[in-house]
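Comments concern the structure below.
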Amino acid sequence: MCAVVINCVDVPATTDDLVSAINAGHGGTTCAVIVEANVSDKAPVRSMFDVAACVFGPTLHILVTTAAVIDASYPSLVDTTAECFNCMLAVSA
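Each residue of the sequence shown is one higher than the last, beginning at 320 in this note's numbering.
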């Protein structure tokens, strides 16, 4: 069984294409969904898990997260301090 929840703050066409390709590769069965959520806020994250449980069932077997909070006002990566970099990634902690 395939059960994939893809999260992004906004849903670009490439994300729609990815979910369509995943589902098509499994005979058109819904095995991938998109949930739009800002992971720096707890309420949307809870909602994301609620959607996953509603679509795929209540048991979570594997969670992969690559979340980070990045703002356009942040310095370029080369000019980012280790402290600032760690703060951006702390949203995943």
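Positions of the beta carbon are idealized from the N, C-alpha and C atoms, including for glycine.
In this text the structure is predicted, and so the values were computed from the model without any measurement.
When burial is assigned at 16 or more other CB atoms within 10 Å of the CB, is Asn326 buried or exposed?
Here residue 326 corresponds to residue number 7 of the sequence shown, with the count starting at 1. So Asn326 counts as buried.
For the beta strand (DSSP E) that contains Ala340, what are its first and last residues?
One-based indexing of the sequence shown puts residue 340 at position 21. From DSSP, Ala340 is part of no beta strand (DSSP E) but of the alpha helix (DSSP H) over 332-343.
Endpoints, alpha helix (DSSP H) assigned at Ala371:
Reading the sequence shown from its first residue, position 52 is the one you call residue 371. Element bounds for Ala371: 361-375.
Along the alpha helix (DSSP H) that carries Cys321, what are the first and last residues, could you check?
Indexing the sequence shown from 1 puts residue 321 at position 2. Looking at the DSSP string, Cys321 is not in any alpha helix (DSSP H), and its letter there is neither H nor E.
By alpha-carbon positions, which one of Ala371, Ala391, Lys361, Ser392 ends up nearest to Leu382?
Mapped onto the sequence shown, residue 382 falls at position 63. That would be Ala371, whose Cα lies nearest to the Cα of Leu382.
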